[in-house]
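Participant: Keeping their order, the protein sequence lines are chains Z, F, R and E.
Each residue of the first sequence is one higher than the last, beginning at 0 in numbering that gives the first Met the number 0.
Each residue of the second sequence is one higher than the last, beginning at 0 in numbering that gives the first Met the number 0.
Each residue of the third sequence is one higher than the last, beginning at 0 in numbering that gives the first Met the number 0.
Each residue of the fourth sequence is one higher than the last, beginning at 0 in numbering that gives the first Met the number 0.
Positions of the beta carbon are idealized from the N, C-alpha and C atoms, including for glycine.
There are 4 protein chains.
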Amino acid sequence: MTQHRPSQAELTAFLQAEFPQNRCTLEELDEVDGSVVVAHPVGESELRPGGTVSGPVMMTLADVALYIAILARIGIVPLAVTTNLAINFLRKPRADRRVVARCRLMKLGRSLAVGEVWIFSEGEEEPVAHATGTYSIPKAS
Amino acid sequence: MTQHRPSQAELTAFLQAEFPQNRCTLEELDEVDGSVVVAHPVGESELRPGGTVSGPVMMTLADVALYIAILARIGIVPLAVTTNLAINFLRKPRADRRVVARCRLMKLGRSLAVGEVWIFSEGEEEPVAHATGTYSIPKAS
Amino acid sequence: MTQHRPSQAELTAFLQAEFPQNRCTLEELDEVDGSVVVAHPVGESELRPGGTVSGPVMMTLADVALYIAILARIGIVPLAVTTNLAINFLRKPRADRRVVARCRLMKLGRSLAVGEVWIFSEGEEEPVAHATGTYSIPKAS
Amino acid sequence: MTQHRPSQAELTAFLQAEFPQNRCTLEELDEVDGSVVVAHPVGESELRPGGTVSGPVMMTLADVALYIAILARIGIVPLAVTTNLAINFLRKPRADRRVVARCRLMKLGRSLAVGEVWIFSEGEEEPVAHATGTYSIPKAS
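1. Give, in chain order, every unbroken run of the alpha helix (DSSP H) that is at least 4 residues long and sits entirely within the stretch 7 to 45 of chain R.
2. Cβ closer than 9 Å: which chain Z residues qualify as neighbours of Thr-133(E)?
3. Hey, is His-3(E)'s beta-carbon within less than 8 Å of any beta-carbon in chain F?
4. Just verifying my parser: in three-state terms, what is the DSSP assignment at Ala-71(R)?
5. Could you pull the DSSP bridge partners for Gly-114(R) from this structure?
6. So what's Ala-85(R) in DSSP terms, helix, strand or just coil?
7. Under 7 Å between beta-carbons, which chain R residues line up against Ser-110(F)? List them in chain order, please.
8. Within 10 Å of its beta-carbon, does Glu-115(Z) have 16 or more other beta-carbons around it, so buried, or fewer, so exposed?
9. Can you give me the Cβ contacts of Glu-151(Z) inside the same chain, cut-off strictly under 6 Å, excluding the 5 residues immediately before and after it?
10. Taking buried to mean at least 16 other C-beta atoms within 10 Å of its own C-beta, is Arg-47(Z) buried or exposed?
11. Tell me, which residues are paired with Ser-120(F) by DSSP?
12. According to the Cβ coordinates, are Phe-88(E) and Gly-54(E) closer than 8 Å?
13. In the DSSP assignment, what residue or residues form a beta bridge with Thr-51(E)?
14. Taking 8 Å as the threshold (beta carbon to beta carbon), is Thr-24(R) in contact with chain E?
15. Do you know how far the Cα of Leu-25(E) is from the Cα of Leu-104(F)?
16. So for Val-80(Z), helix, strand or coil by DSSP?
17. Beta-carbon of Ile-50(F) versus every beta-carbon of chain Z: anything under 8 Å?
18. Please tell me whether Tyr-134(Z) and Thr-59(Z) are closer than 8 Å, where the distance is taken between their beta carbons.
19. Consider the Cβ of Pro-55(E): report whether some Cβ of chain R lies at a distance smaller than 8 Å.
20. Taking its Cβ as the centre, do 16 or more other Cβ atoms sit within 10 Å of Glu-27(E), making it buried, or is it exposed?
21. Residues in the same chain with beta-carbon distance under 6 Å from Thr-11(E), minus the five sequence neighbours each way, listed in chain order, please.
22. Quick one: what's got a C-beta closer than 8 Å to Leu-111(R)'s C-beta in the same chain, skipping five residues either side?
23. So, helix, strand or coil for Val-63(Z), using DSSP?
24. Strictly below 8 Å CB to CB, what residues from chain Z border Gln-20(F)?
25. Quick check on Val-78(R): buried or exposed, where buried means 16 or more other Cβ atoms within 10 Å of its Cβ?
26. So which residues on chain E does Pro-154(F) lean against when the C-beta distance must stay under 9 Å?
27. For Val-127(F), which three-state DSSP category applies?
28. One question on the structure: do Ala-130(E) and Ile-86(E) come within less than 8 Å of each other, judged by their Cβ atoms?
29. Quick check on Glu-123(Z) - is its C-beta less than 8 Å from some C-beta in chain R?
30. Enumerate in chain order the residues of its own chain whose CB-to-CB distance from Ser-140(R) is below 7 Å, with the five nearest sequence positions on each side excluded.
31. I'd like to know if Phe-119(R) contacts chain E, where contact means its C-beta is closer than 8 Å to some C-beta of that chain.
32. Counting contacts by CB-CB distance shorter than 8 Å, is Arg-90(E) in contact with chain F?
33. Apply the 10 Å Cβ neighbour rule to Pro-19(R) and answer buried if 16 or more other Cβ atoms are within range, or exposed otherwise.
Written out as structure tokens, the structure is:
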């Protein structure tokens, strides 16, 4: 917990290096409450019949947002792993906007971190999905 | 519920048409209990630091397996949508094997279907993840 | 959705009639955002070894808070049923305070309502648990 | 993990001592696969309008079944605590039968145990609910 808190630029560099195929981008890092905003573009490959953004795109976004929110607090510890994630899909996202996740940690313990993620179509008020997830934090050695 | 039950070939064709970017393949369709087996290859783009298959790959696999298990029972109704999905990650998957999901429905109602998914590294006995999910089924018109 | 929105007194009367064994009380009903606050006393019978409020007490509280939040919006429809509930336990509640839940709906559709519940030891700032749940709403006849 | 594995009688005695208000009873303890069967009576106080067994009764049963399944494997360690629990309600339980839960662990790690619980109306084939939950196991000292 005494680790260096990484900057937005450091987290972005880590995200690009660790997840080169991943299209999520870190948009905001709130140094006060530790919340993060992560976005994912929506194009042909993210859409399903009926013009819905696919569930896996939103699950990926939730997982990445949670991961980044944790790293923002504990420092870049690449071996943190998800232990569970639960997502509710609330509304049909827009096909012509990015999906944007805001994640805030509910608990940051020594071995477990639990966070909440709200997902929106960019610029819209009503959430399209809500997720909670737990990460297991490796022991500092 | 009186719809034509699609064959494995029909479901495969639908999967390829609907999710062209998706790399999941339908491996088995048990006509007796309605369970399905769906696989996802594991290569460089599915791995994370430490050689772990990424969580989103397993969430995608769980979601697709659930979707296919439902379509196998109610017929190809592309507008069924996930309402929630909860996944527990249990063990580190192998980096050199496909991940394989077996999904069975726990409930198939008129408006909601609920299923359970077990995910394995191919050929291994111990599960790497377990998911449950609910799909909302559009009213027949 | 055009039903009469019940008052706090009407909801309290319903709660007492429907759940006579239930010890939850409706403390607040926010007519603007529709959130509700529900409390549960903590005594010998709610405690477990180590002085922790038992998980089932908090699950009961979450379920009742969600139910009341829905009834506050759609009118008193006793046949609404929970379809799923997921809870994360975050911190040890205090043994000498009531547990208090604040519930807000994330979605109120025609057939499904989804809500979020934060649970606190009364007067404390950090939440002790967080739950999300879905209720199925019977068709108006 | 090297602790004494308690017998059914020892677990029953512990359950009665620890949860005197709790009406769950341990019915079976499978020494081979470690699964446990726990039952809860259904009477006036467990029913809700429409003759449904209340959700909190089933959540309590799931939580207790999971706890007992863990204690059956690691020995009686009263400070194990639930970190999360997710339940899907599948069918209306019968008003005239006990509810019975079968729990099996999916993972038993050093710090986390994850289990699955199927709940039935006694003597019926179709499950009425399914839950998964995680317990945090205190470090041996």
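Facilitator: With the given structure in hand:
1. 7 to 17
2. Listed along chain Z, the residues sitting closer than 9 Å to Thr-133(E) by beta-carbon distance are Thr-82, Asn-83, Thr-133.
3. Interface with chain F (8 Å Cβ-Cβ cutoff): His-3(E) is excluded.
4. helix
5. According to DSSP, residue pairing for Gly-114(R) in a beta bridge involves Leu-104(R), Gly-132(R).
6. In this structure, Ala-85(R) counts as strand in the three-state DSSP scheme.
7. Ser-110
8. buried
9. Here chain Z has residues from 0 to 140 only, and residue 151(Z) is not among them.
10. buried
11. Val-98(F)
12. A contact, by the Cβ cut-off of 8 Å.
13. Arg-47(E)
14. no
15. About 28 Å.
16. strand
17. The displayed chain sequence assigns Gly, not Ile, to residue 50(F). No, no contact with chain Z.
18. no
19. At a cut-off of 8 Å between C-beta atoms, Pro-55(E) counts as an interface residue with respect to chain R.
20. exposed
21. Leu-25
22. Thr-82, Thr-133, Tyr-134, Ser-135, Ile-136
23. helix
24. Ser-44
25. Sequence inspection shows Leu at residue 78(R); the Val mentioned does not correspond to that position. Label assigned to Leu-78(R): exposed.
26. This structure leaves residue 154(F) out entirely; chain F is present only between 0 and 140.
27. For Val-127(F), the secondary structure class from DSSP, reduced to helix, strand or coil, is coil.
28. yes
29. no
30. With a pLDDT of 48 at Ser-140(R), under the threshold of 50, the predicted position of this residue should be treated as unreliable, though the coordinate-derived value follows. Answer for Ser-140(R): no residue qualifies.
31. no
32. Interface with chain F (8 Å Cβ-Cβ cutoff): Arg-90(E) is included.
33. Its Cβ having fewer than 16 others within 10 Å, Pro-19(R) is exposed.
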